[in-house]
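A.B. asks:
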Amino acid sequence: MTADWRVGVEVGGTFTDLVALQGSTVRIAKVPSVPGRPEEGVFAAFEAAGIPLAAMGDLVHGSTVATNAVLERKGALTALLVTQGFADLLLVQRQDRPKVYELRYAKPAPVVQRRDVFEVPERRLADGSVAQRLDLDALGPQLDAFLFARPYQAVAICLLNAYVDPAHEQALAAWLRRHRPDLHVSCSSEVSREFREYERASTTALSAYVQPVIDRYLGRFEERLQANGFRGRFSVMQSNGGRLPAAAIRRNAITALFSGPAGGVTGAVRVAGLSGYRNLITLDMGGTSTDVCLVADGQPAVTSGTAVDGLPVRTPVVDIASVGAGGGSIVWSDSGGMLHVGPRSAGADPGPACYGRGGVQPTITDAHVVRGTIRPKAFLGGRMALDAAASRRAFEELAATYRVEVQQMADDAVRIADANVVRAVQLISTELGEDPRDYVLVPFGGAGPLHAARIAEELGIATVVIPADAGVLSAFGLVAAEFTQYEVLTRRVRIDAQAPAAVREVFATQRTAVEQRFAALGVAAQCRYTLTLQMRFVGQAFELDVPVDPAALPGLTEAALQEAFLATHEQVYFSRGGAAGKPLEIVGFRLGASAPEMVDLPRRSLAADPGPLGSTEVYEWRTRHACAVATRGQLLARGEVPGPLLLEDETATIYVPPGWSARNDDACNLVLQRKGAT
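Heads up: the sequence shown is residues 1 to 678, going by full-length UniProt numbering.
1) Leaving out the 5 sequence neighbours to the left and right, which residues in its chain are closer than 6 Å to residue 691 when beta-carbon positions are compared?
2) Short of 8 Å in beta carbon distance, which residues of its chain neighbour Pro376, apart from the five on each side in sequence? Order them along the chain.
3) For Arg576, decide whether its Cβ has a neighbour in chain C, counting only Cβ atoms nearer than 8 Å.
4) Which residues bound the alpha helix (DSSP H) around Ser391?
5) Skipping 5 residues on each side, what residues in its chain have a beta carbon closer than 6 Å to that of Leu647?
6) What do you reckon, are the CB atoms on Val155 and Leu176 nearer than 8 Å?
7) Let me check understanding here. Comparing Cα to Cα, which of Asp182, Ala131, Leu134 and Ala519 lies closest to Gln153?
8) Quick one: using the 10 Å Cβ neighbour count with 16 as the cut-off for buried, is Trp621 buried or exposed?
9) Just the C-alpha distance for Glu563 and Glu570, rounded to the nearest angstrom, thanks.
10) So Ser289 packs on Val323, CB below 8 Å; how close in whole Å?
11) Once the 5 residues before and after Gly298 are set aside, which same chain residues still bring their CB inside 8 Å of it?
12) Would you check if there are 3 or more beta carbon pairs closer than 8 Å linking the stretch 304-323 to the stretch 448-466?
13) If we call anything under 8 Å between Cβ atoms a contact, is Val464 one with Leu672?
14) Within the same chain, show all residues whose beta-carbon is closer than 8 Å to that of Pro436, passing over the 5 residues directly before and after it, in chain order.
15) For Asp411, which three-state DSSP category applies?
16) Here's the rule I'm using: 16 or more other beta-carbon atoms within 10 Å means buried, otherwise exposed. How should Pro52 be labelled?
17) Does the stretch 229-241 touch the stretch 57-69, meaning 3 or more C-beta pairs lie closer than 8 Å?
18) For Arg200 and Glu194, I'd like the C-alpha separation in whole angstroms.
19) Going by the beta-carbon positions, is the gap between Pro312 and Thr203 smaller than 8 Å?
20) What does the alpha-carbon distance come out to for the pair Glu10 and Val42?
21) Taking all protein chains shown into account, do 16 or more other C-beta atoms lie within 10 angstroms of the C-beta of Asp74, making it buried, or fewer, making it exposed?
22) How about Gly328 and Thr14: do their beta carbons lie closer than 8 Å?
23) Taking Cβ positions, are Arg243 and Phe483 nearer each other than 8 Å?
24) Quick check: the Cα distance between Gly471 and Asp666, rounded to an integer number of angstroms?
25) Can you give me the C-alpha to C-alpha distance between Ala109 and Pro350, rounded to a whole angstrom?
26) On the criterion of 16 or more Cβ atoms from any shown chain inside 10 Å, does Ala497 qualify as buried, or is it exposed?
27) Is the beta carbon of Arg180 closer than 8 Å to that of Leu147?
28) Run through DSSP, which three-state label would Ala145 get?
29) In three-state terms, what does DSSP make of Ala424?
30) Assuming Leu670 and Ile466 make a contact with CB atoms under 8 Å, what is their CB distance in whole Å?
31) Can you give me the Cβ contacts of residue 681 inside the same chain, cut-off strictly under 6 Å, excluding the 5 residues immediately before and after it?
32) Can Arg511 and Tyr486 be called in contact, C-beta distance under 8 Å?
33) Can you tell me the Cα-Cα spacing of Thr532 and Val548, whole angstroms?
34) Quick check: the Cα distance between Leu172 and Leu81, rounded to an integer number of angstroms?
35) If distances are taken between C-alpha atoms only, which option among Arg632, Ser594 and Val185 comes closest to residue 680?
36) Thr25: which of Glu405, Asp4, Gly592 and Ser33 sits nearest, CA to CA?
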């Protein structure tokens, strides 16, 4: 049997999605996720797709296992080793308050408790010099006793100023690996070699906390794959939009925290690019949340860090803003009578009320069933029937509370979900100096195409591009992803005549490091590089990410560095900061390296269907109106069709409201255009 199928499988909160490519052949599968046993959903997707594991040459996996371990506090019992005097590092955190007016605000609870912190007598200064030498001979018996006092599975090491010189951390790690080989060890200098002690400690602790969980999960997964005949290449998606072999993720799981959303962005970039669109705002609306990302000139925005459950994670990630507004998000009213959508979700079990699995609370999916924008017998191409009566019952109590009819209550819930998503898009566009009107909106996920046109209206966006098989696009993004690594380093460089040479020196060092890691992983390819400098005015507390073209490094000048920073400052703050004569500095370097793994996208073909369109009734904005119902094939036979229109696909339903029109383009993407827009 020829192993030439390329398969991507992504585990979401409600559904597990699979996309498989073999030449011009595409197979898709969408099955319910299995909370608590995500691999069961994956193997159910394999079975639904009808592809033997022995026929898979390349398998890429994305999941929420690491994220769920943090959110549910089901990671490993972890010890944290810190420099003496810094035992409260994870508890003190920062002085900022994300919720300024929350009277009962409490700082997020760290994943390592205070009693699990061990203080190491050692000290390095900010320049890397040793103020107190690490004496492992004297320390060993105390450390040994501490680690045997509780059943630790992992150890995180974060020593003061180790980002400058990691020698003490490396010595501690080597001692632990000799004396306690049963423990997973994470060093801050290997996980996040950057300044700011709290963020570095939080990232290292989280890495150690999820490492045994991911290692066990991927170990079980690989054993089951091999037992069923899989002999191909197995990779895991990372939060930065690239993938790595599973063996690398088992050693550094922190990079895979947000693999599913990153896969969707990668897929959207590739598919929209077929139609010539390179400036995108992606909108991934699944069962639990909505994730949005800005893509400029075909490159998703990458940021230096993010947070999970309020805890900072300092590792490069695709810059995604998330809100709890998905198909399974629960609609509820607070004690003051305000209507909310999410962040709680019905998930896969029991799921929305219309799924018939015991759910009774109203969700956004139920709202669409009540409004008529989801037809129960056509859901997922007719493969999954929905209970419309259960959706109505779920909204009756809320409707009675607000003294409105059930359809109006459902429509209000959808509009609130739309408003939440609009706010998320503004966070990654207008608040960063980008005008969303300069972009096209690319929705995917099971619910994205239902909401996209109305969200685009609120943002002033005139064009919406909906990929084929939009409901499983994140799984396609896994297959389309390249092998990617980042090398991040804190180093202060004053912008003067010597700065360009220092930038070239650091770039060369970082490039050598990532090439060596790629070679060790068996990934041999000509890499494509990106370079981002973290820059600021001297004396500022925080910095801006300033992109620099690696091809321009040989001729880089002091003036070019200054102008790059000031241009970025102006874009973000609409000001050059009164820049005349103010000294600048670089405080960090982020090198990205991608080994191209280009997948030839099969050109999807549609058969034109001249048959008559169906019809239904949709309730929207307190009005019932007639709505046409079509398939993509029927749309192809007619060219451009005005809304209101429901397009029913195998993986997602697309709503084209009044004032919009829809057409298929040459790349088999569906293009929605707002009337009167240019």
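We put the CB at the ideal spot given by N, CA and C, even for glycine. These numbers were taken from a predicted model, which means no experiment stands behind them.
C.D. replies: Short version:
1) Given that the chain is displayed from residue 1 to residue 678, the structure contains no residue 691 and the question cannot be resolved.
2) Hits under 8 Å: Cys354, Val369, Ala385, Leu386, Asp387 and Ala388.
3) Looking at the structure shown, chain C is missing, and only one protein chain is on hand.
4) Element bounds for Ser391: Ala388 to Tyr402.
5) Hits under 6 Å: Ala630 and Ile654.
6) Pairing Val155 with Leu176 gives a Cβ-Cβ distance under 8 Å.
7) Closest by C-alpha distance to Gln153, out of Asp182, Ala131, Leu134 and Ala519, is Asp182.
8) Around the beta carbon of Trp621, a 10 Å sphere encloses fewer than 16 other beta carbons of the protein chains shown; the residue is thus reported as exposed.
9) Their Cα atoms are separated by approximately 10 Å.
10) With a contact defined as Cβ atoms closer than 8 Å, Ser289 and Val323 qualify at about 6 Å.
11) Correct list, in chain order: Val269, Gly273 and Arg278.
12) Contact check between the stretch 304-323 and the stretch 448-466: fewer than three CB pairs, one atom from each, fall below 8 Å, which does not count as touching.
13) Judged by their CB atoms, Val464 and Leu672 are nearer to each other than the 8 Å cut-off.
14) Excluding positions up to five away in sequence, the list reads Ile281, Val425, Gln426, Ser429, Thr430, Leu459, Gly460 and Ile461.
15) Helix, per DSSP.
16) Under the 10 Å beta carbon count, Pro52 is surrounded by fewer than 16 other beta carbons and is classified as exposed.
17) As far as the Cβ criterion goes, the stretch 57-69 touches the stretch 229-241, which means the pair count is three or higher.
18) In a straight line, the C-alpha of Arg200 is about 7 Å away from that of Glu194.
19) Contact: yes.
20) Straight-line measurement puts the Cα of Val42 at about 8 Å from the Cα of Glu10.
21) In the sequence as presented, Asp is not what sits at residue 74; that position holds Lys. With fewer than 16 other Cβ atoms inside 10 Å of its own Cβ, Lys74 counts as exposed.
22) Thr14 sits close to Gly328, with the two beta carbons spaced by under 8 Å.
23) Closer than 8 Å, so yes.
24) Between the C-alpha atoms of Gly471 and Asp666 there is a straight-line separation of about 20 Å.
25) Spanning the two alpha carbons is a distance of roughly 28 Å.
26) Burial state of Ala497 is exposed, judged by a 10 Å Cβ sphere holding fewer than 16 other Cβ atoms.
27) Their beta carbons are under 8 Å apart, which means Leu147 touches Arg180 by this criterion.
28) If DSSP states are grouped into helix, strand and coil, Ala145 belongs with the helices.
29) The DSSP-derived three-state label of Ala424 is helix.
30) So it is a contact: roughly 4 Å between Cβ atoms.
31) With the chain represented from 1 up to 678, any question about residue 681 goes unanswered, as that position is not in the structure.
32) No, they are not a contact pair.
33) The C-alpha of Thr532 lies about 6 Å from the C-alpha of Val548.
34) In a straight line, the C-alpha of Leu172 is about 9 Å away from that of Leu81.
35) Any question about residue 680 goes unanswered here, given that the chain covers just 1 to 678.
36) Checking every option, the nearest Cα to that of Thr25 belongs to Asp4.
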